[in-house]
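Positions 3 to 401 (the working numbering) are the ones given, in order, by the sequence shown.
Beta carbons: idealized from backbone N, C-alpha and C, even for Gly.
Since we're looking at a predicted model, the values are computed, not measured.
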Amino acid sequence: MKAEIPFSKDINLAFKNDPPGQWLSVLPKGCIRLSSGYPEPALVPSEELKSAVVHLLDKEKDLPLQYIGSPKIPELKEIIRKRLAARDVRVSDEELLVTSGACQAIDLVARVLLDDEALVALESPTYMEALEVFRNYTERFMDVPVDEKGLQTEVFEEMLKGRKEQGLPLPRILYVIPTSQNPTGTTMSQERREHVLALAEEYGFFILEDDAYGELGFENNPRLIKSLDKQNRVLHIGSFSKVVAPGMRIGWVAGAEELITTLNWFKKDLHHPFSQSTMAAFLESIDFDGRLKLLSAAYRSKCAVMIKALEEFLPPSVSWYTPEGGYFVWVKVAGIDTVELLPKALAAGVSFVPGKYFFLNPEEGTEFLRLSFSYAGEEEIIQGIRLLGEVVQNTMALK
Ligand SMILES: Cc1ncc(COP(=O)(O)O)c(C=O)c1O
């Protein structure tokens with residue numbers, strides 16, 4: 003008889019959820035990838051990273067490959083701190099932790115702040131992986147709708163008021179992606195940023211600000227909520243995945259010192275010396291602001307190509323938000339179940355992510371799908387949207 007695995011109480015709770023990563027459908031060969039939030043291959047600086055590695059190892063020999071790591075590791079923190087300061091977020095060394103991607107930062111925050119009694123407020127829809135992480139720690143959620151100006155703070159305020167009046171628990175954290183949100187591509191207005199912070203102060207919750215796309219605005223990059231934060235209630239999360247390379251696995255979290263120290267306590271995978279020192283060497287060798295301009299211009303052009311193709315190939319009943327930055331277009335295909343649409347689209351040669359994965363209540367996502375303009379080339383985007391248009395038209399004709 004096989005031994006029964008003694009999973010903890012918390013892990014058994016998490017097993018009630020769907021297995022992680024179900025949205026990652028395996029793509030048929032040659033299928034145009036409009037499903038994934040990956041950077042465009044040509045925009046991943048592989049040559050520059052290669053030179054950074056060669057330089058680093060020539061100069062420092064074994065150091066970046068040792069547990070103790072290289073002097074470049076504190077330099078990376080310094081670079082991140084300077085970049086944050088330029089965006090009006092001034093944090094000390096003790097208030098910043100470099101993590102293995104933004105995902106690890108989200109997971110660590112959940113680990114130290116959540117338990118099965120904690121209520122988590124989040125945008126509806128939201129980043130599916132964050133939803134999965136939070137579900138590993140609690141079953142209590144409060145989802146707040148998003149419109150073209152991001153999280154609807156007026157609705158959120160009413161919900162909070164109602165809970166308070168009824169003596170119900172208030173959220174412990176709000177997880178929000180204020181700029182170029184995943185999946186909707188929407189950006190929260192300045193007014194709403196101020197409003198949500200005022201709500202956090204009034205109702206006593208912390209804000210987890212996920213800024214994964216915050217420097218990829220097509221026109222400008224709005225102020226971070228963290229830059230308005232006087233009470234140290236905001237935990238700001240950033241990442242190099244979308245602006246350098248996701249495989250480097252480098253992100254960060256900035257916030258109150260006591261919290262950051264605790265996150266560090268539970269982060270047991272060291273500082274990823276090779277990856278962090280390579281990233282520092284790379285950043286020191288390039289004009290990063292220039293790189294951001296180049297990336298924003300490239301993604302802006304790809305986004306415009308996708309929107310034009312949507313206008314051309316999709317029927318008038320299909321609608322979307324026009325993004326101001328980031329990687330995604332959120333599309334509503336009224337009257338069609340996008341989970342049923344996906345196999346037809348894959349067979350035709352194009353992929354997307356069905357909306358259901360981004361909602362606490364999957365049914366709310368039935369008529370939505372997320373497209374990404376980041377990975378595919380412009381010709382592929384046009385071809386992919388043309389194929390999607392055909393599949394949608396054929397499905398509508400059968401109704
Ligand atoms: C909103 C958001 N946060 C975080 C991440 C993950 O970032 P990282 O690769 O740094 O873990 C993504 C990636 O898709 C994302 O869309």
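What span of residues does the alpha helix (DSSP H) with residue i cover, start to end?
i, result
"L172", "Run containing L172: none; DSSP gives neither H nor E here."
"I13", "11 to 16"
"Q278", "275 to 287"
"N19", "No alpha helix (DSSP H) holds N19; DSSP gives it neither H nor E."
"I384", "380 to 400"
When DSSP builds the beta bridges, which residues end up paired with residue i?
i, result
"S321", "K334"
"A256", "L98, H238"
"V352", "I34"
"S126", "P147"
"F208", "I175"
"F370", "K334"
"L121", "R142"
"G152", "D149"
In terms of residue numbering, what span does the beta strand (DSSP E) encompassing residue i cover?
i, result
"E62", "Unbroken run through E62 is the alpha helix (DSSP H), 48 to 62; no beta strand (DSSP E)."
"T101", "98 to 101"
"M190", "That residue, M190, is in no beta strand (DSSP E); it is neither H nor E in DSSP."
Does any heavy atom of ligand 1 sit closer than 7 Å to the C-beta of residue i?
i, result
"N138", "no"
"C105", "yes"
"D339", "no"
"A214", "yes"
"G39", "yes"
"Y129", "yes"
"S376", "no"
"P43", "no"
"S241", "yes"
"P248", "yes"
"I179", "yes"
Just to confirm, is the Cβ distance from residue i to residue j under 8 Å?
i, j, result
"T407", "I338", "Examination of residue 407 is not possible in this model, given that the chain is present from 3 through 401 alone."
"L176", "A123", "yes"
"I387", "A336", "no"
"L110", "K358", "no"
"R372", "P180", "no"
"L162", "L201", "yes"
"E217", "V178", "no"
"V255", "A107", "yes"
"G367", "P127", "yes"
"L389", "A350", "yes"
"S298", "G391", "no"
"I1", "L199", "In the structure as shown, the chain starts at 3 and stops at 401, and residue 1 therefore has no counterpart that could be examined."
"H197", "T263", "no"
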